[in-house]
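Here's the structure, in structure tokens; my notes come after.
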Amino acid sequence: MWPCSSCQMKGTMPPMLEPPKLTEAAITEALRAHYGLAVTVLAFLPIGNDSASFVYRVEADGAVCFLKVRAGAGFSAPSLAVPHYLHARGVPHIIAPLATRSGALWAPVGDFALSLYPFIDGRAGADVGLADEHWRELGATLKQIHTSPLTPDLARTVPRETFTPSRRNLIAPLEAAVARHDLAGPAERELAAFWRSHQDLIHTVVGRADALAQRLRQTPAPLVLCHADLHTWNVLLDEARRLWIVDWDETILALKERDLMFVVGGIGSSQARPHETACFLEGYGATTIDPCALTYYRYAWALQDIAAYGELVFFLPDLGEETRRKAVRDFTSLFEPGQIVDIALASDSAAL
Numbered sequence: 164m165w166p167c168s169s170c171q172m173k174g175t176m177p178p179m180l181e182p183p184k185l186t187e188a189a190i191t192e193a194l195r196a197h198y199g200l201a202v203t204v205l206a207f208l209p210i211g212n213d214s215a216s217f218v219y220r221v222e223a224d225g226a227v228c229f230l231k232v233r234a235g236a237g238f239s240a241p242s243l244a245v246p247h248y249l250h251a252r253g254v255p256h257i258i259a260p261l262a263t264r265s266g267a268l269w270a271p272v273g274d275f276a277l278s279l280y281p282f283i284d285g286r287a288g289a290d291v292g293l294a295d296e297h298w299r300e301l302g303a304t305l306k307q308i309h310t311s312p313l314t315p316d317l318a319r320t321v322p323r324e325t326f327t328p329s330r331r332n333l334i335a336p337l338e339a340a341v342a343r344h345d346l347a348g349p350a351e352r353e354l355a356a357f358w359r360s361h362q363d364l365i366h367t368v369v370g371r372a373d374a375l376a377q378r379l380r381q382t383p384a385p386l387v388l389c390h391a392d393l394h395t396w397n398v399l400l401d402e403a404r405r406l407w408i409v410d411w412d413e414t415i416l417a418l419k420e421r422d423l424m425f426v427v428g429g430i431g432s433s434q435a436r437p438h439e440t441a442c443f444l445e446g447y448g449a450t451t452i453d454p455c456a457l458t459y460y461r462y463a464w465a466l467q468d469i470a471a472y473g474e475l476v477f478f479l480p481d482l483g484e485e486t487r488r489k490a491v492r493d494f495t496s497l498f499e500p501g502q503i504v505d506i507a508l509a510s511d512s513a514a515l
């Protein structure tokens, strides 16, 4: 699906540098039993951006595949069912998971779920840049996604927007952790010091996310099928410079602004420039964008990253120190000029 040069962020989570607590023998046997593959090479790729997901390059029977191993607590069946459905409908630029022998889209192994994809030798758009035509293609494809009717099963199983930011429930425990005086290691101490020095700003992010969420709950608008993680790390170009959309782990029925925020103003300094946004909107077509929704989703994105990085440092002791120190660096980067906290504040001012 994508090689080691790509897909380095979800939100802005750090790459997973360590393999899962699952033996290669168990993975190989599961691939044999469920997919009928005689694996000759199983190579862990230290990429991705999610403490619950791990990826491998698989060689078997003369073919190369991309394997995603997801911890059971983080597994989401719609993340497989949605791209499978869109691909079957003929929506372009979608990579569908390969079916098991029984027709399932994933296979269980211990406390993990395995899903297999064609391996596309490509690079992230964030690395190589998208041409104007790619932005138009991305816009046209997203419009097809947003307007695709759902099957009754998908309508029932795909999560629906509740306007509760992801990981909102972690903020209070993190505040308590930051206030402790018995912090265990350098990563905890460094993050706690930074959090304390930015506490007022963090409270602003959380407070504005909550306030805008309440406003949006009171003014219901149509929900559409969203990818929900459509930054250019999740848009790949293969060797022929064909465009592919990957990583559907966050798919949700939400306001269209949930996806549009990645292109209309972006979520970081390296995201879409005004000319690229214009090309995207040419492909997407005429639409009215709600500035309140756009601002809410930016604050929610900032909040989820604040909480996610904090969780890695304080609440996941099994992670290696290298991953935890990387989480601290990425946490502090959220507050740099031109990054998501800055963008959310500017978006809020423009929406008032």
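Residue numbers (my numbering): 164 to 515.
Glycine is no exception: its CB is placed at the ideal position from the N, C-alpha and C atoms.
1. Under DSSP, the alpha helix (DSSP H) around residue 369 begins and ends at which residues?
2. Reducing DSSP to helix, strand and coil, say where residue 287 ends up.
3. Using only alpha-carbon positions, find the residue among 331, 422, 343 and 282 that is nearest to residue 402.
4. Hey, residue 490 and residue 472: beta-carbon distance below 7 Å or not?
5. If you count every other CB in all the chains shown that lies within 10 Å of the CB of residue 479, and 16 or more means buried, which is it?
6. Using the rule of at least 16 other Cβ atoms within 10 Å of the residue's Cβ for burial, across every protein chain shown, is residue 235 buried or exposed?
7. In the structure shown, what three-state DSSP assignment does residue 216 receive?
8. For the alpha helix (DSSP H) holding residue 419, just list the boundary residues, first then last.
9. Would you please verify whether the beta carbon of residue 317 is less than 7 Å from any beta carbon of chain D?
10. For residue 285, does the count of other Cβ atoms within 10 angstroms reach 16, so buried, or fall short, so exposed?
11. Is DSSP giving residue 177 helix, strand or coil here?
12. Could you have a look at residue 207 and say whether DSSP puts it in helix, strand or coil?
13. Say whether the region 379 to 389 touches the region 251 to 262, bearing in mind that this needs 3 or more beta-carbon pairs closer than 8 Å, one atom from each stretch.
14. Below 8 Å, how does it come out for the region 307 to 315 and the region 454 to 467: are there three or more Cβ pairs, yes or no?
15. With a CB to CB cut of under 7 Å and the five nearest residues on each side skipped, what residues in its chain are close to residue 375?
16. Using the rule of at least 16 other Cβ atoms within 10 Å of the residue's Cβ for burial, across every protein chain shown, is residue 487 buried or exposed?
17. Beta strand (DSSP E) containing residue 298: first to last residue?
18. For residue 221, count neighbouring Cβ atoms within 10 angstroms of its own Cβ and tell me buried if that reaches 16, exposed if not.
19. By the DSSP assignment, the beta strand (DSSP E) with residue 231 in it spans what residues?
20. Are the Cβ atoms of residue 340 and residue 477 separated by less than 7 Å?
21. Helix, strand or coil: how does DSSP classify residue 281 here?
22. Start and end of the beta strand (DSSP E) containing residue 475?
23. Can you give me the C-alpha to C-alpha distance between residue 411 and residue 372, rounded to a whole angstrom?
24. Quick one: give me the first and last residue of the alpha helix (DSSP H) that residue 493 is part of.
25. Can you tell me the Cα-Cα spacing of residue 189 and residue 269, whole angstroms?
26. Alpha carbons only, please: which of 266, 182 and 251 is nearest the one belonging to residue 230?
27. State whether the region 350 to 366 contacts the region 208 to 217, with contact taken as three or more CB pairs (one from each stretch) at a distance under 8 Å.
28. Please identify the residue among 185, 206 and 249 whose C-alpha is closest to the C-alpha of residue 409.
29. Give the range of the alpha helix (DSSP H) segment to which residue 270 is assigned.
30. Since residue 316 is in the alpha helix (DSSP H), which residue starts that stretch and which ends it?
31. What do you reckon, are the CB atoms on residue 393 and residue 425 nearer than 7 Å?
32. Under the rule that 16 or more other beta-carbon atoms within 10 Å means buried, what is residue 436, buried or exposed?
33. Just to confirm the assignment, what range does the alpha helix (DSSP H) spanning residue 388 have?
34. Quick check on DSSP: helix, strand or coil for residue 331?
35. Helix, strand or coil: which one does DSSP assign to residue 190?
36. Grouping DSSP H, G and I as helix and E and B as strand, with all else coil, what is residue 201?
If we stick to the structure as given:
1. For residue 369, the uninterrupted alpha helix (DSSP H) segment begins and ends at 362 to 381.
2. strand
3. 282
4. yes
5. exposed
6. Under this definition residue 235 is an exposed residue.
7. strand
8. Here residue 419 belongs to no alpha helix (DSSP H), and DSSP marks it neither H nor E.
9. Absent from the structure: chain D. Only one protein chain is present.
10. buried
11. Reliability fails at residue 177, whose pLDDT of 46 lies under 50, so the model's placement of it is uncertain and the value that follows must be treated cautiously. Coil.
12. strand
13. No, the region 379 to 389 does not touch the region 251 to 262.
14. no
15. 455, 458, 459 and 462
16. Buried, since its Cβ has 16 or more Cβ neighbours within 10 Å.
17. First-last for residue 298: 295 to 310, but that is the alpha helix (DSSP H), not the beta strand (DSSP E).
18. buried
19. Unbroken beta strand (DSSP E) run through residue 231: 226 to 234.
20. yes
21. Three-state DSSP puts residue 281 in a strand.
22. Residue range 454 to 477 is occupied by the alpha helix (DSSP H) that includes residue 475, with no beta strand (DSSP E) assigned at that position.
23. A straight line joining the alpha-carbon of residue 411 with that of residue 372 spans about 24 Å.
24. 484 to 496
25. 15 Å
26. 182
27. Segments in contact, no.
28. 249
29. Segment 270 to 272 is the beta strand (DSSP E) holding residue 270; no alpha helix (DSSP H) there.
30. 315 to 320
31. yes
32. With a 10 Å radius around the Cβ and a threshold of 16 neighbouring Cβ atoms, residue 436 comes out exposed.
33. From DSSP, residue 388 is part of no alpha helix (DSSP H) but of the beta strand (DSSP E) over 387 to 389.
34. helix
35. Looking at residue 190 - three-state DSSP - the assignment turns out to be helix.
36. Three-state result, residue 201: coil.
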